[in-house]
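Chains as they are written, first to last, in full-length UniProt numbering: chain A, 1 to 192; chain B, 1 to 192. In what follows, a single structure is set out as structure tokens and then discussed.
Number of protein chains: 2
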Amino acid sequence: MAAAYEELDRDSFAALTLDRLARRSGVHVSTIRRRWRTVEGVVVELLAERSSMLPTPDTGDFRRDLTQLTQAIADFNNALRNRNVLQGLLAAAAHDPRVEEIVRAAFVRRIEEVTLIARQAVERGEIPEDTDPREVIAALAAPLYYRVLILRGSIDERLVHTTVETTYQATVAGVFVRKESREGNRKGDREG
Amino acid sequence: MAAAYEELDRDSFAALTLDRLARRSGVHVSTIRRRWRTVEGVVVELLAERSSMLPTPDTGDFRRDLTQLTQAIADFNNALRNRNVLQGLLAAAAHDPRVEEIVRAAFVRRIEEVTLIARQAVERGEIPEDTDPREVIAALAAPLYYRVLILRGSIDERLVHTTVETTYQATVAGVFVRKESREGNRKGDREG
């Protein structure tokens, strides 16, 4: 993992090969191949490992939690090697449905973890009851990944600010309140 | 172009080759290669052609314009072949800086076109003066591409609704007002 991370700091995902990993790590290429099968396998595990190191903020204040989470995602993606990992994985996903599913599942799991922020804000009465926590987190993450993946730029201070404010105001205004509860028509199905 | 579009309706970008394009179009492969050089070259032109067919809404109402634009982006990306084009191009961009720059420029140009929506809303007095129109459009587009590229899902009615409302409310609340004008410190520099 450390060897893969170092390689991606020097070069793009496209340049990464199992042979280069073997050379840098001192582990025989057949051993690497047995455990991870492909370069994509190594990098998916690397992404999971790195992103699980991101803490879930819990400051007791919804806006402050959103700001800390946004800043953490920004710092993570502004590191060239992490951006290389992400772009490489999405490239691999376009070619391989198994990689696609692994990437998707990794993001869904990470979103699930940080929904804690929205769930606690509901408990504290800061945001409307029946707010969908996954929609809140996706709204926060989307502008950051749009900047990195589509506009191919880094996440600057201004984008952190507008993203936090946009998400905060929409959440407080009830945009992410589940539809069936907004219609005053509760059916006991909270999944929407 | 038509041949490439048909091929991408049947199969992913990864399966597209100049030979397959030659076979479907009846144009000799050397002719295709002379004009576009690579499969990426063909697909970049295809993306530009298809996305320039999207109209810029001009209904006289900011929220209605946002809704129509969001629905158009949703319809575009919910078509499998358009999604194949986009994912294929981003995969190619991860491997080739020239493709990366072409993709980035295509999105920037498209954003610039549809900023008309925000500029007219400013003129009508619907949203604050000195709103940055590019930030408004990026905020609208981001959740849609996050859904397609990261969560690998289609853009449903609910996402269209929450995206329009989030962008609308943030814009009206002044989140996208340029910083220097918000600080009451106008310097004649409107580019921020």
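C-beta atoms are modelled at their ideal positions from N, C-alpha and C, and glycine is treated no differently. A quick note: this is a predicted structure, and the numbers were derived from the prediction, not measured.
With 16 other Cβ atoms within 10 Å as the buried cut-off, status of residue i
i	result
S12/B	buried
R110/B	buried
A105/A	exposed
T31/A	exposed
S52/A	exposed
P97/A	exposed
P55/B	exposed
A2/B	exposed
First and last residue of the uninterrupted alpha helix (DSSP H) at residue i
i	result
R119/B	L116 to E123
E135/B	P133 to Y145
E165/A	E157 to V172
Alpha-carbon spacing of residue i relative to residue j, whole angstroms
i	j	result
R83/B	N77/B	5 Å
Y168/A	S154/A	22 Å
G174/B	Q120/B	16 Å
L21/B	A14/B	13 Å
T171/A	H161/B	14 Å
A79/B	L47/B	13 Å
L69/A	L140/B	21 Å
E6/A	P133/B	40 Å
R63/A	A72/A	14 Å
R10/B	A4/B	10 Å
L18/A	R152/B	27 Å
P57/B	V136/B	15 Å
T38/A	I117/A	36 Å
E126/A	D61/A	8 Å
R158/B	D130/A	15 Å
V177/A	P128/A	7 Å
R186/A	D156/B	Annotation note: pLDDT 46 at R186/A (below 50); position unreliable, no value reported.
E165/A	Y145/B	20 Å
Cutoff 8 Å: residue i Cβ touching any chain D Cβ
i	result
P128/B	This model lacks chain D altogether, as its protein chains are A and B.
Along the chain, which unbroken stretches of the alpha helix (DSSP H) at least 4 residues long are found entirely within the segment 54-113 of chain A?
The segment 54-113 of chain A contains these whole alpha helix (DSSP H) runs: 62-78 and 80-95.
Any chance you could list the alpha helix (DSSP H) runs of at least 4 consecutive residues sitting entirely within the UniProt domain "HTH tetR-type" (1-54) of chain B, in chain order?
Within the UniProt domain "HTH tetR-type" (1-54) of chain B, the runs of alpha helix (DSSP H) at least 4 residues long that lie entirely inside it are, in chain order, 2-10, 18-25, 29-36 and 39-51.
Please list the residues of the segment 61-84 of chain B that have a C-beta atom closer than 7 Å to any C-beta atom in chain A, keeping them in chain order.
Residues of the segment 61-84 of chain B with a C-beta less than 7 Å from any C-beta of chain A: none at all.
What residues in the segment 142-157 of chain A bring their beta carbon closer than 9 Å to a beta carbon of chain B?
Correct list: A142, P143, L144, Y145, Y146, R147, L149, I150, L151, R152 and G153.
Using a beta-carbon distance cut-off of less than 9 Å, what residues from the UniProt domain "HTH tetR-type" (1-54) of chain B approach chain A?
Of all residues in the UniProt domain "HTH tetR-type" (1-54) of chain B, those with a C-beta nearer than 9 Å to a C-beta of chain A are S12, F13 and A14, reading in chain order.
Closer than 8 Å, Cβ to any Cβ of chain B: which residues of the segment 105-121 of chain A, in chain order?
Within the segment 105-121 of chain A, the residues whose Cβ lies closer than 8 Å to some Cβ of chain B are F107 and V108, listed in chain order.
For the segment 155-179 of chain B, which residues have a beta carbon sitting closer than 8 Å to at least one beta carbon of chain A?
Legend: CB atoms of the segment 155-179 of chain B lying less than 8 Å from CB atoms of chain A belong to residues R158, T162, E165, T166, T167, Q169, A170, A173, V175, F176 and K179.
Return the residues of the segment 86-103 of chain A that lie within a Cβ-Cβ distance of less than 7 Å from chain B, sorted by chain order.
If the cut-off is 7 Å between Cβ atoms, the segment 86-103 of chain A has Q87, G88, L90, A91, A94, H95 and E100 near chain B.
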